[in-house]
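Enquirer: Respectively, the protein sequence lines represent chains A and B. For the record, in the first sequence the residue sitting at position 134 is 134 according to my numbering, with numbers rising by one throughout. Counting the second sequence from 1 gives a position; my numbering is that position plus 209. Glycine residues also receive a C-beta, built at the ideal position from the N, C-alpha and C atoms. Nothing here was measured: the structure is a model prediction, and the numbers come from that model.
Number of protein chains: 2
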Amino acid sequence: MNAQPIPSPAVRRLSLYLRHLEQLAAEGVKSVASNELAESLNVTAAQVRKDLGYFGQFGRPGVGYRVRVLIEELRRILGTDRTVNVILVGAGDLGRALLRYKGFRRKGFNLVAAFDVAPGKIGRAVGTVNVHNVSELPSIVRRHKVKLAVLAVPAEVAQETADMLAAAGIRGILNFAPATLHTDADLAVAPVDLAAHLEELSFRIGHHL
Amino acid sequence: MNAQPIPSPAVRRLSLYLRHLEQLAAEGVKSVASNELAESLNVTAAQVRKDLGYFGQFGRPGVGYRVRVLIEELRRILGTDRTVNVILVGAGDLGRALLRYKGFRRKGFNLVAAFDVAPGKIGRAVGTVNVHNVSELPSIVRRHKVKLAVLAVPAEVAQETADMLAAAGIRGILNFAPATLHTDADLAVAPVDLAAHLEELSFRIGHHL
DNA sequence: CCCTGTGAACCTGTTCACAGCG
DNA sequence: CGCTGTGAACAGGTTCACAGGG
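#1: Would you tell me roughly how many angstroms separate the C-alpha atoms of B:L403 and A:E73, rounded to the nearest one?
#2: A:P5 versus chain B: which residues are under 9 Å apart at the beta carbon?
#3: What did DSSP end up calling A:Y65 once you bin it into helix, strand or coil?
#4: Which residues of chain B have a Cβ atom closer than 9 Å to the Cβ of A:V192, listed in chain order?
#5: If contact means a Cβ-Cβ distance below 7 Å, which residues of the region 48-61 of chain A contact chain B?
#6: What residues in its chain sit with their C-beta under 7 Å from that of A:V32, if we drop five residues either side in the sequence?
#7: Judging by CA-CA distance, which residue of B:P214, B:L227, B:R413 is the nearest neighbour of B:G288?
#8: Can a CB atom of chain A be found closer than 7 Å to the CB of B:R221?
#9: Kindly indicate if chain B contains any beta-carbon less than 7 Å away from that of A:F176.
#10: For B:D427, which residues in the same chain have their Cβ closer than 7 Å to its Cβ, ignoring the five residues on either side in sequence?
#11: Tell me which residues share the same chain as B:A322 and place their Cβ nearer than 6 Å to its Cβ, disregarding the 5 neighbours each side in the sequence.
#12: For B:V298 versus B:V326, is the C-beta spacing smaller than 7 Å?
#13: Below 7 Å on C-beta distance, what does A:N35 contact in chain B?
#14: With a threshold of 16 other CB atoms inside 10 Å of the CB of B:E409, please say whether the residue is buried or exposed.
#15: Is the CB of B:G415 under 7 Å away from at least one CB in chain A?
#16: What residue range is occupied by the uninterrupted alpha helix (DSSP H) comprising B:F385?
#17: Classify B:D302 as helix, strand or coil using the three-state DSSP reduction.
#18: B:V321 CB to nearest chain A CB: under 7 Å?
Take a look at the structure:
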């Protein structure tokens, strides 16, 4: 019934709204208006309303949005109303740090296992999970019905690793490798290039502004 | 002479182009056409040409772009043709991993020091730098003329830390804290919300597509 | 003839502004 | 009367398409 002309920037802002709503809930705030939310997040009130409007009608005219209700709706929309299993591939420095990062769990993501090819890393525990040989990846992915993977391998092997993940049934990759992945349309990729963000800042401060 | 109506997505793609060009250079490739570059990076050829066109005329009709030349131009534009000093604040798990991450150095960024408030962390070395008390931050920033900071502190103290950085003369913040920073227009912020990217993937695979 | 550089057309996403509900 | 929900107007970016240079 509903087509899907949802701007992807709007989807990304949903996480932003959710994050702030969770904080408001922790502070005991019961309801919030679009302009308050907007102000805290450096967006416009119309944008908040429009973004939420793509998914339903969650607010009450004259009142605003019920914080608890909106949090639940957003989690449902994002698919994090249930625990989402995730694996991590590449237990180098960055990979091991991500394994210890508590932010994922707080948001409903459960790291079930890590993988690497280096014998020195395999068998060790990092954070709450063990590092396995990549050969075990397909069976573990199947067993835990994992759909998302965090990719933290060197750029040189990023593409082949992504292909392997696709073959194992992974549907989404959070890619920290500084490489562009070429994948089928049914495999979603979110690239995170840490150095690129610093370059952007370097540009912005180096010139005008 | 040139106004500055440069789309910020275009600036972000510059890093992408640079990354691929560096790889081509390593492979010994001398020149490249916009459509080849485009194909490797999942963008259109027109986009590549238009993006580069905002900054000058770097190509040769009938030939393409000289790889070495374009790399130098892009580094100059991004400001990474010289070493750029960076500090890191917050030596938690994520912070320490970023200190060890080699990708920054490879791109011309030099981490000169890390800072924290926890006595247990201060005085230790992580990667190539030492962890200092934040009280030493202003003097170190001044001494090394640091303009960029990586912020990896807990969300609760992100804003106050950002204010402190602004006061110390920092001009750009790479923000890993899951909090929206409110800063003056002359302080650039690049937010990196790791959990948000996973949520986006969760959304994309949970629905259509 | 190949490939760049670029105005013009197009399109996606943002902001405006107001009708309508509580 | 306050605040949402939303069509309509607007703006920013992307793609097209072609003129022009090597």
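Expert: Considering the structure as presented:
#1: Mapped onto the second sequence, residue 403 of chain B falls at position 194. Mapped onto the first sequence, residue 73 of chain A falls at position 73. The alpha-carbon atoms of B:L403 and A:E73 are separated by roughly 21 Å.
#2: In the first sequence, residue 5 of chain A corresponds to position 5, counting from 1. Going along chain B, no residue has its Cβ under 9 Å from A:P5, so there is no contact; the nearest lies around 11 Å.
#3: Here residue 65 of chain A refers to the residue found at position 65 when the first sequence is read from its first residue. Strand.
#4: Looking up residue 192 of chain A in the first sequence gives position 192. Those are V401, L403, H406, listed as they occur along chain B.
#5: none
#6: As a working mapping, residue 32 of chain A is identified with position 32 in the first sequence. Only L24, G64, Y65, V67 meet the Cβ criterion.
#7: Numbered from 1 along the second sequence, position 79 holds the residue referred to as residue 288 of chain B. Ranking B:P214, B:L227, B:R413 by Cα distance to B:G288 puts B:L227 first.
#8: In the second sequence, the residue the question calls residue 221 of chain B occupies position 12. Judged by the 7 Å Cβ criterion, B:R221 is in contact with chain A.
#9: Stepping through the first sequence from its first residue, residue 176 of chain A is reached at position 176. Chain B, which has no Cβ nearer than 7 Å to the Cβ of A:F176, makes this no.
#10: Residue 427 of chain B falls outside the range modelled here, since chain B spans only 210 to 418, and no answer is possible.
#11: Here the question's residue 322 of chain B lines up with position 113 in the second sequence. For B:A322, where only same-chain residues beyond five positions count, the Cβ hits under 6 Å are I296, V338, H341, I349.
#12: As a first step, residue 298 of chain B is located in the second sequence; it is residue number 89 there, counting from the start. As a first step, residue 326 of chain B is located in the second sequence; it is residue number 117 there, counting from the start. No, the Cβ-Cβ distance between B:V298 and B:V326 is not below 7 Å.
#13: On the first sequence, position 35 is the one that residue 35 of chain A refers to. Neighbours of A:N35 on chain B: none; closest Cβ ~15 Å, over 7 Å.
#14: Taking the second sequence and counting its residues from 1, the one referred to as residue 409 of chain B is at position 200. Classification of B:E409: buried, given that the 10 Å Cβ count is 16 or more.
#15: As a first step, residue 415 of chain B must be located in the second sequence, where it is residue number 206. Answer yes: the Cβ-Cβ gap between B:G415 and chain A drops below 7 Å somewhere.
#16: Counting from 1 along the second sequence, the entry for residue 385 of chain B is found at position 176. It is not in any alpha helix (DSSP H) - B:F385 carries neither H nor E in the DSSP assignment.
#17: Position 93 of the second sequence, counted from the first residue, corresponds to residue 302 of chain B. Here B:D302 sits in helix by DSSP.
#18: Taking the second sequence and counting its residues from 1, the one referred to as residue 321 of chain B is at position 112. Not one chain A Cβ lies under 7 Å of B:V321.
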